[in-house]
Amino acid sequence: MAEITVSVNSRPFQVVCRDGDEAQVTQLAEDFATRVAGTKKGNEKAGDSHLLVLTGLMLCNDVRDLKRDLEAVRREVAEAGESRAALSARVNEIEDVLSTALISAAEKIEAIVPDISPDTSNGTDSAPETPASST
Numbered sequence: 001m002a003e004i005t006v007s008v009n010s011r012p013f014q015v016v017c018r019d020g021d022e023a024q025v026t027q028l029a030e031d032f033a034t035r036v037a038g039t040k041k042g043n044e045k046a047g048d049s050h051l052l053v054l055t056g057l058m059l060c061n062d063v064r065d066l067k068r069d070l071e072a073v074r075r076e077v078a079e080a081g082e083s084r085a086a087l088s089a090r091v092n093e094i095e096d097v098l099s100t101a102l103i104s105a106a107e108k109i110e111a112i113v114p115d116i117s118p119d120t121s122n123g124t125d126s127a128p129e130t131p132a133s134s135t
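UniProt numbering puts the first residue of the sequence shown at 1, with every later residue one more than the last.
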């Protein structure tokens with residue numbers, strides 16, 4: 001275990017942490033000290049304990065707000081997933097309808113092709129010839 005000294009409200013505090021976590025704990029302590037200093041600006045007459053309680057309450061409020069926001073995001077993600085599933089099902093339905101329509105159209109075209117094909121039984125097209133244009 002590592003032991004580091006952090007400063008909050010100009011007072012040193014010894015903190016024990018896991019080896020390798022020193023930089024992170026130092027950064028957390030600096031963030032906390034900044035919050036305590038911000039709390040002190042509106043409460044100059046408050047003692048250390050009072051400042052720590054006020055700062056702790058503000059941090060708890062922030063955590064509560066973040067949890068609420070996180071839950072809202074989770075709901076939105078779940079709703080988006082449900083919407084995505086519904087849209088995917090609708091796309092599949094449309095693909096099925098289009099596929100059926102295309103197959104039906106192809107079958108109808110194949111059925112009438114013999115009726116509109118040129119007569120090739122005598123080796124020539126029965127379509128009238130068009131005169132060649134002169135240039």
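Virtual Cβ for every residue (Gly too), placed ideally from N, Cα, C.
Endpoints, the alpha helix (DSSP H) within which residue i is located
{"i": "S83", "result": "D48 to I116"}
{"i": "R35", "result": "E22 to G42"}
Spatial neighbours of residue i in its chain, beta-carbon cut-off 8 Å, leaving aside the 5 residues before and after
{"i": "V15", "result": "E3, I4, T5, V6, V25 and A29"}
{"i": "R18", "result": "M1 and A2"}
{"i": "D48", "result": "N9 and R11"}
CB of residue i within 8 Å of CB of residue j, strictly
{"i": "N9", "j": "L57", "result": "no"}
{"i": "N43", "j": "L59", "result": "no"}
{"i": "A46", "j": "K40", "result": "yes"}
Bounding residues of the beta strand (DSSP E) (the contiguous stretch that carries residue i)
{"i": "R18", "result": "It is not in any beta strand (DSSP E) - R18 carries neither H nor E in the DSSP assignment."}
{"i": "S7", "result": "A2 to V8"}
Buried versus exposed, by CB contacts within 10 Å (16 or more), residue i
{"i": "V36", "result": "buried"}
Closer than 7 Å: residue i CB and nearest the ligand SAH heavy atom
{"i": "A101", "result": "Absent from the structure shown: the ligand SAH. Ligands present: none."}
Own chain residues within Cβ distance below 7 Å of residue i, not counting five before or after
{"i": "E22", "result": "A2 and I4"}
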